[in-house]
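Each residue of the sequence shown is one higher than the one before, counting from 6 in the working numbering.
The beta-carbon is built from N, C-alpha and C at its ideal position, and this holds for glycine as well.
Small disclaimer: the values here were computed from a predicted structure and weren't measured.
Data block below; observations after.
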Amino acid sequence: MSRLKAPRTSPPTAPDFVRRAVSTLFPSVIPRLIGAPPVLEEHLIPEVGVEELRWAYRRVRIGAVPGPDGIPNTALKAAVEACFDCFRCVFMACLREGCFLARWKRQRLVLMLKSGKPATEPSSYRPLCMFDTADKILERIMFGRLEGPTLKGLLA
6 MSRLKAPRTS
16 PPTAPDFVRR
26 AVSTLFPSVI
36 PRLIGAPPVL
46 EEHLIPEVGV
56 EELRWAYRRV
66 RIGAVPGPDG
76 IPNTALKAAV
86 EACFDCFRCV
96 FMACLREGCF
106 LARWKRQRLV
116 LMLKSGKPAT
126 EPSSYRPLCM
136 FDTADKILER
146 IMFGRLEGPT
156 LKGLLA
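Shown next as structure tokens:
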């Protein structure tokens, strides 16, 4: 039994079936072009604080499966602790430049068979998309900055 309280199953491997399952679960959407975000004054974006980064990386689960980069969460947490200011600078640069590294947009797709569903149907699978943990840390920093004003009713 796995953590999901269901018997372990092996994910589908037949290339045609995987393509069909992915196209069923993730239908094509025509991308819209959006303009670049407005350039903000540097002083409008506060520094990534020590406690802010600690809060974000402490929420990383140790036993979680790594994303496409393959870096175990324990190793990333140790790296953040060893090079704390380097990580703060990288995350601060991402916020100031309004960029999200292309590498962090990649994900690893795992198709999990839903219990009691036939393995031959694409809709019988639950897609799990695993991202790099460094991406999740930056997302948590952004989330923390948006959550406070939203809860206080400052953002509509």
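Secondary structure remark: continuous beta strand (DSSP E) runs of at least 3 residues inside the segment 91–123, in chain order: 113–118. Taking the Cβ atoms as the reference, L114 lies roughly 6 Å from P132, within the contact range of under 8 Å. Secondary structure note for R24: its alpha helix (DSSP H) is the uninterrupted segment P20 to L30. Using a Cβ distance threshold of 8 Å, L143 and Y130 do not count as a contacting pair. DSSP lists L116 as the beta-bridge partner residues of P132. Excluding five sequence positions before and after V53, the CB atoms of its chain that fall closer than 8 Å to its own CB belong to R93, F96, M97, L100 and I146, given in chain order. Under the three-state reduction of DSSP output, E126 falls in the coil class, being neither helix nor strand. C-alpha of K141 to C-alpha of R111: approximately 12 Å in a straight line. Your pair T138 and I76 checks out as a contact, with CB atoms roughly 7 Å apart and the cut at 8 Å.
Around the beta carbon of G72, a 10 Å sphere encloses 16 or more other beta carbons of the protein chains shown; the residue is thus reported as buried. In the DSSP assignment, V34 falls outside any alpha helix (DSSP H) and carries neither an H nor an E. Exclusion of the five residues before and after A80 leaves no residue of its chain whose Cβ lies closer than 8 Å to its Cβ. Within the model, the alpha-carbon separation for I35 versus A107 is close to 19 Å. Ranked by how close their Cα comes to the Cα of Y62, the residues W109, R24 and E86 have E86 in first place.
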